[in-house]
Amino acid sequence: MCKKLLLFILLFKLLPASAQTDWKFNSENDGIKIYTSIVPNSKIKAIRVECNYKATPSQFVAVLLDIKNSPEWLYHTKFCKVFKEVSPQELYYYSEVTLPWPAENRDFVSHLAVSQNPTTKVVFVDGPAVPGFVPVKSNIVRVDHSGSQWEIIPLANNEIRVKYTLHVDPGGALPAWLINMFATEAPIQIFKNLKTELQKPAYKNTSLPFIQN
17 MCKKLLLFIL LFKLLPASAQ TDWKFNSEND GIKIYTSIVP NSKIKAIRVE
67 CNYKATPSQF VAVLLDIKNS PEWLYHTKFC KVFKEVSPQE LYYYSEVTLP
117 WPAENRDFVS HLAVSQNPTT KVVFVDGPAV PGFVPVKSNI VRVDHSGSQW
167 EIIPLANNEI RVKYTLHVDP GGALPAWLIN MFATEAPIQI FKNLKTELQK
217 PAYKNTSLPF IQN
């Protein structure tokens, strides 16, 4: 049970949504719906979060790719740093997540890649953890096993439906009180923060050449 915490705070670890078929509704707050699913051969459940936004796919992807500013909306993220940009729609970045004492911070390296279905215009942003790119640091637990996916579905009237699927093994042991705090707060806070982020001038009129809105 202790390992469930990072399911709710490590944002970019990606698990293909198609791998999960038995989602159970968990809760809803301010239009943000949370589901969980059992993962074969794992004691840790996957999570799926769904929410609608008044935005275009390009706006949302621009927020996700703006790594240096992601601590402004990611829950308990100390910092994020790009260390390799393959193309405008593919990069590698390092991030550290802060946890309250006595738990140790977690860190990870993610390979972030954007793709779009040319027929449906649905956008996918994948970012699995990739081991070996950055040396392990003392007093920080490295997260090497995780997966998730952002699915951005265009709707009418410049709206989108966002589905975020996540499965991660945070490693180490985490106290029950910490799990309970993050499990109830993190998904809701992240998706509320995203709503605010999307309204910022830096993203409002964004148009990305690799995204068809």
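Heads up: the sequence shown runs through residues 17 to 229, numbered per our numbering.
We put the beta carbon where it would ideally sit given N, CA and C, even for glycine.
Rounded separation between residue i and residue j - CA only
i	j	result
residue 81	residue 57	32 Å
residue 192	residue 213	With a pLDDT of 49 at residue 192, under the threshold of 50, the predicted position of this residue should be treated as unreliable, though the coordinate-derived value follows. Their backbone Cα atoms lie some 31 Å apart in a straight line.
residue 157	residue 120	7 Å
residue 126	residue 143	5 Å
residue 65	residue 169	14 Å
residue 173	residue 151	46 Å
Minimum C-alpha distance to residue i - residue among the options
i	options	result
residue 123	162, 69 and 228	162
residue 139	228, 52 and 118	228
residue 116	101, 73 and 91	91
residue 155	112, 135 and 142	112
Any non-hydrogen atom of the ligand ADP closer than 7 Å to residue i Cβ
i	result
residue 46	For the ligand ADP, the structure offers nothing, since it holds no ligand at all.
Beta-carbon proximity list for residue i, same chain, < 7 Å, skipping 5 on both sides
i	result
residue 86	93 and 96
Where residue i falls: helix, strand or coil (DSSP)
i	result
residue 214	helix
residue 227	coil
residue 208	helix
residue 238	Residue 238 lies beyond the range of the chain shown here (17 to 229); nothing can be said about it.
residue 203	helix
residue 146	coil
residue 154	coil
residue 222	coil
8 Å Cβ shell around residue i - same chain, five flanking residues per side excluded
i	result
residue 68	47, 171, 175, 176, 177 and 178
residue 75	214, 219, 220 and 222
Same chain, Cβ closer than 6 Å to residue i, five either side skipped, listed in chain order
i	result
residue 210	89
residue 45	204
Residue range of the alpha helix (DSSP H) that includes residue i
i	result
residue 77	73–81
Start-to-end residues for the beta strand (DSSP E) that takes in residue i
i	result
residue 62	62–70
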